[in-house]
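Comments concern the structure below.
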Amino acid sequence: MKWLSTPLLGALLALSVTACNRDLSPLNRTGTSYIKPAPIATCILAPYTWDNFEQPAVGYLWTGGPGSPILEDYSNLNSYTCSYSWRIKTGVSGSYGHWAGLNSSSLKQNQDPMTNLGGATRMAIAMKVDQNVKFDFYLHEGSTNGGDSEEWTYTFDLTASPSWQTFDIPLSAMTTGGGKDGVLATGSIQYFWLFYYTPYPAHTLYIDDIQFLP
(Lines of atoms letter the chains of each structure in order from A and count residues from 1; the text may use other names and numbers.)
(Lines give C-alpha, C1' and ligand atoms only; values in the text may rest on other atoms or scores of the structure.)
Protein backbone atom coordinates (compact mmCIF):
# COMPACT_ATOMS: atom_id res chain seq x y z
CA MET A 1 0.00 0.00 0.00
CA LYS A 2 1.25 3.42 -0.93
CA TRP A 3 0.86 6.25 1.58
CA LEU A 4 -0.96 9.35 0.37
CA SER A 5 1.11 12.48 0.02
CA THR A 6 0.77 14.98 2.86
CA PRO A 7 -0.90 17.72 0.71
CA LEU A 8 -3.41 15.23 -0.73
CA LEU A 9 -4.20 13.76 2.70
CA GLY A 10 -4.76 17.24 4.13
CA ALA A 11 -7.13 18.12 1.32
CA LEU A 12 -9.16 14.95 1.87
CA LEU A 13 -9.39 15.60 5.62
CA ALA A 14 -10.56 19.15 5.04
CA LEU A 15 -13.22 17.91 2.62
CA SER A 16 -14.39 15.31 5.16
CA VAL A 17 -14.73 17.91 7.92
CA THR A 18 -16.62 20.24 5.61
CA ALA A 19 -19.06 17.46 4.66
CA CYS A 20 -19.64 16.56 8.31
CA ASN A 21 -20.37 20.17 9.19
CA ARG A 22 -22.86 20.43 6.37
CA ASP A 23 -24.64 17.20 7.33
CA LEU A 24 -24.78 17.90 11.06
CA SER A 25 -25.81 21.54 10.98
CA PRO A 26 -29.55 21.85 11.71
CA LEU A 27 -29.73 25.00 9.60
CA ASN A 28 -28.97 22.92 6.54
CA ARG A 29 -31.61 20.30 7.18
CA THR A 30 -34.80 20.50 5.16
CA GLY A 31 -37.68 21.94 7.11
CA THR A 32 -35.71 23.36 10.01
CA SER A 33 -35.77 26.95 8.80
CA TYR A 34 -38.83 29.13 8.22
CA ILE A 35 -36.82 31.78 6.40
CA LYS A 36 -38.71 32.37 3.18
CA PRO A 37 -36.83 32.80 -0.10
CA ALA A 38 -37.58 35.66 -2.44
CA PRO A 39 -40.81 35.41 -4.45
CA ILE A 40 -40.64 34.18 -8.04
CA ALA A 41 -40.08 37.14 -10.32
CA THR A 42 -42.58 35.86 -12.92
CA CYS A 43 -45.48 35.83 -10.44
CA ILE A 44 -47.87 38.49 -11.74
CA LEU A 45 -50.07 40.22 -9.16
CA ALA A 46 -53.74 40.11 -10.10
CA PRO A 47 -55.64 43.42 -9.98
CA TYR A 48 -57.32 44.41 -6.70
CA THR A 49 -55.25 42.00 -4.63
CA TRP A 50 -55.07 42.75 -0.90
CA ASP A 51 -52.56 39.96 -0.29
CA ASN A 52 -51.24 37.06 -2.38
CA PHE A 53 -48.83 35.88 0.38
CA GLU A 54 -45.78 36.01 -1.86
CA GLN A 55 -44.10 38.68 0.23
CA PRO A 56 -42.92 37.95 3.79
CA ALA A 57 -44.54 39.67 6.75
CA VAL A 58 -42.12 38.66 9.49
CA GLY A 59 -43.50 39.54 12.91
CA TYR A 60 -47.02 40.21 11.69
CA LEU A 61 -48.52 36.74 12.07
CA TRP A 62 -50.24 36.14 15.40
CA THR A 63 -52.14 33.29 17.03
CA GLY A 64 -53.87 32.53 20.31
CA GLY A 65 -56.28 30.32 22.21
CA PRO A 66 -55.81 27.69 24.93
CA GLY A 67 -55.56 23.95 24.42
CA SER A 68 -53.90 22.27 21.48
CA PRO A 69 -50.92 23.86 19.73
CA ILE A 70 -51.36 26.03 16.67
CA LEU A 71 -48.83 26.96 13.98
CA GLU A 72 -49.12 29.56 11.27
CA ASP A 73 -46.57 30.48 8.65
CA TYR A 74 -45.98 31.20 5.00
CA SER A 75 -45.85 27.88 3.20
CA ASN A 76 -44.72 26.73 -0.23
CA LEU A 77 -46.38 23.33 0.25
CA ASN A 78 -49.64 24.53 -1.31
CA SER A 79 -50.61 27.66 -3.22
CA TYR A 80 -53.58 28.71 -5.30
CA THR A 81 -51.44 30.92 -7.50
CA CYS A 82 -47.70 31.57 -7.64
CA SER A 83 -45.66 29.89 -4.88
CA TYR A 84 -46.86 30.65 -1.35
CA SER A 85 -49.95 30.68 0.84
CA TRP A 86 -50.80 31.32 4.49
CA ARG A 87 -50.88 28.05 6.44
CA ILE A 88 -52.67 27.51 9.76
CA LYS A 89 -52.14 24.15 11.40
CA THR A 90 -53.81 23.18 14.68
CA GLY A 91 -54.55 20.15 16.84
CA VAL A 92 -57.96 18.85 17.90
CA SER A 93 -60.01 21.12 20.16
CA GLY A 94 -63.24 20.31 21.97
CA SER A 95 -64.14 23.39 23.96
CA TYR A 96 -61.84 26.31 23.09
CA GLY A 97 -61.52 27.81 19.66
CA HIS A 98 -58.18 29.04 18.41
CA TRP A 99 -57.71 32.30 16.58
CA ALA A 100 -55.11 33.37 14.07
CA GLY A 101 -54.50 36.66 12.32
CA LEU A 102 -52.40 38.60 9.87
CA ASN A 103 -51.54 42.29 10.02
CA SER A 104 -51.31 44.08 6.69
CA SER A 105 -48.81 46.72 7.84
CA SER A 106 -45.88 45.15 5.97
CA LEU A 107 -47.92 44.02 2.96
CA LYS A 108 -48.46 47.32 1.19
CA GLN A 109 -46.24 46.13 -1.65
CA ASN A 110 -48.72 43.32 -2.36
CA GLN A 111 -51.68 45.61 -2.84
CA ASP A 112 -53.04 47.22 -5.90
CA PRO A 113 -53.07 50.98 -5.15
CA MET A 114 -55.27 51.43 -2.08
CA THR A 115 -57.52 53.86 -3.92
CA ASN A 116 -58.54 51.01 -6.23
CA LEU A 117 -59.67 48.94 -3.26
CA GLY A 118 -61.94 51.68 -1.96
CA GLY A 119 -64.70 51.01 -4.49
CA ALA A 120 -64.93 47.27 -3.83
CA THR A 121 -68.29 45.49 -3.60
CA ARG A 122 -67.10 41.95 -2.89
CA MET A 123 -64.22 39.95 -1.42
CA ALA A 124 -62.67 36.95 -3.17
CA ILE A 125 -60.59 34.39 -1.29
CA ALA A 126 -59.13 30.93 -1.96
CA MET A 127 -58.94 28.26 0.78
CA LYS A 128 -58.00 24.62 1.14
CA VAL A 129 -58.53 22.43 4.23
CA ASP A 130 -58.13 18.73 5.02
CA GLN A 131 -60.96 18.51 7.61
CA ASN A 132 -64.40 20.07 7.95
CA VAL A 133 -64.07 23.31 9.94
CA LYS A 134 -66.15 26.39 10.67
CA PHE A 135 -64.84 29.81 11.64
CA ASP A 136 -65.70 33.50 11.72
CA PHE A 137 -63.54 35.61 9.43
CA TYR A 138 -62.99 39.18 10.63
CA LEU A 139 -61.86 42.27 8.73
CA HIS A 140 -60.70 45.23 10.79
CA GLU A 141 -60.62 48.76 9.41
CA GLY A 142 -57.93 51.23 10.26
CA SER A 143 -58.62 54.93 10.78
CA THR A 144 -57.51 56.23 7.38
CA ASN A 145 -58.91 56.11 3.82
CA GLY A 146 -62.49 56.24 5.11
CA GLY A 147 -61.98 53.75 7.95
CA ASP A 148 -63.25 54.21 11.49
CA SER A 149 -61.80 51.12 13.22
CA GLU A 150 -64.94 49.11 12.49
CA GLU A 151 -64.85 45.30 12.50
CA TRP A 152 -66.69 43.12 9.98
CA THR A 153 -67.47 39.40 10.11
CA TYR A 154 -68.37 36.58 7.73
CA THR A 155 -68.82 32.92 8.70
CA PHE A 156 -67.16 30.18 6.63
CA ASP A 157 -68.26 26.55 6.99
CA LEU A 158 -65.64 24.63 5.00
CA THR A 159 -65.81 21.06 3.73
CA ALA A 160 -62.59 19.08 3.48
CA SER A 161 -61.29 18.83 -0.06
CA PRO A 162 -57.99 17.98 -1.79
CA SER A 163 -58.67 20.91 -4.13
CA TRP A 164 -58.70 24.64 -3.55
CA GLN A 165 -62.09 26.21 -2.95
CA THR A 166 -62.74 29.77 -4.11
CA PHE A 167 -65.30 32.11 -2.59
CA ASP A 168 -66.77 35.35 -3.89
CA ILE A 169 -68.44 37.13 -0.96
CA PRO A 170 -70.61 40.25 -1.36
CA LEU A 171 -69.47 42.82 1.17
CA SER A 172 -73.14 43.37 1.96
CA ALA A 173 -73.17 39.83 3.43
CA MET A 174 -70.65 40.81 6.09
CA THR A 175 -71.95 41.98 9.47
CA THR A 176 -70.64 44.48 11.99
CA GLY A 177 -71.10 45.00 15.70
CA GLY A 178 -72.37 48.51 15.09
CA GLY A 179 -71.43 51.74 16.81
CA LYS A 180 -69.62 53.10 13.74
CA ASP A 181 -70.66 54.40 10.32
CA GLY A 182 -71.80 51.00 9.00
CA VAL A 183 -69.67 51.25 5.85
CA LEU A 184 -66.96 48.68 5.09
CA ALA A 185 -64.02 50.84 4.06
CA THR A 186 -61.97 48.35 2.05
CA GLY A 187 -59.32 50.98 1.35
CA SER A 188 -58.58 51.01 5.09
CA ILE A 189 -58.39 47.28 5.96
CA GLN A 190 -55.62 47.02 8.55
CA TYR A 191 -55.70 43.32 9.43
CA PHE A 192 -57.86 40.22 9.39
CA TRP A 193 -58.21 37.28 11.71
CA LEU A 194 -60.33 34.17 12.18
CA PHE A 195 -61.83 32.42 15.19
CA TYR A 196 -62.77 28.72 15.10
CA TYR A 197 -66.06 27.19 16.19
CA THR A 198 -65.60 24.15 18.45
CA PRO A 199 -65.35 21.23 18.44
CA TYR A 200 -63.03 20.62 15.50
CA PRO A 201 -60.48 17.97 14.47
CA ALA A 202 -56.77 18.47 13.95
CA HIS A 203 -56.39 20.08 10.54
CA THR A 204 -54.35 22.25 8.21
CA LEU A 205 -55.91 25.26 6.52
CA TYR A 206 -54.36 27.16 3.63
CA ILE A 207 -55.48 30.66 2.58
CA ASP A 208 -54.39 32.47 -0.57
CA ASP A 209 -55.18 35.40 -2.86
CA ILE A 210 -57.44 37.73 -0.90
CA GLN A 211 -58.92 40.32 -3.26
CA PHE A 212 -61.40 43.21 -2.94
CA LEU A 213 -63.19 43.46 -6.26
CA PRO A 214 -65.45 46.11 -7.87
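Offset between the sequence shown (1-based) and this note's numbering: plus 1060. Cβ atoms here follow ideal geometry from the backbone N, Cα and C, with glycine treated the same way.
{"Asked": "Where does the unbroken beta strand (DSSP E) through Y1214 begin, and where does it stop?", "Found": "1211–1218"}
{"Asked": "Can you look up T1246 in the DSSP assignment and give me helix, strand or coil?", "Found": "helix"}
{"Asked": "Return the CA-CA distance between L1137 and S1145, expressed in angstroms with no decimal places.", "Found": "8 Å"}
{"Asked": "With a CB to CB cut of under 6 Å and the five nearest residues on each side skipped, what residues in its chain are close to W1212?", "Found": "L1199, M1234, T1236, L1244"}
{"Asked": "How big is the Cα-Cα spacing for L1273 and A1184?", "Found": "7 Å"}
{"Asked": "Can you tell me the Cβ-Cβ gap for S1232 and E1201, rounded? I've got them flagged as a contact below 8 Å.", "Found": "In fact, because the Cβ distance is near 16 Å, the residues do not count as touching under 8 Å."}
{"Asked": "I'd like to know whether the C-beta atoms of I1270 and M1187 end up nearer to each other than 8 Å.", "Found": "no"}
{"Asked": "What's the C-alpha gap between D1190 and P1222?", "Found": "7 Å"}
{"Asked": "Going by Cα to Cα distance, which pick from I1104, P1261, T1219, K1149 is closest to L1131?", "Found": "K1149"}
{"Asked": "Indicate the three-state DSSP secondary structure (helix, strand or coil) for L1199 in the structure shown.", "Found": "strand"}
{"Asked": "Measuring straight from C-alpha to C-alpha, what distance separates G1091 and G1206?", "Found": "Any reading at G1091 is ruled out, since the residue's pLDDT is 29, under 50, leaving its predicted position unreliable."}
{"Asked": "Just the C-alpha distance for I1104 and F1113, rounded to the nearest angstrom, thanks.", "Found": "12 Å"}
{"Asked": "Consult DSSP for A1180 and reduce its assignment to one of helix, strand or coil.", "Found": "coil"}
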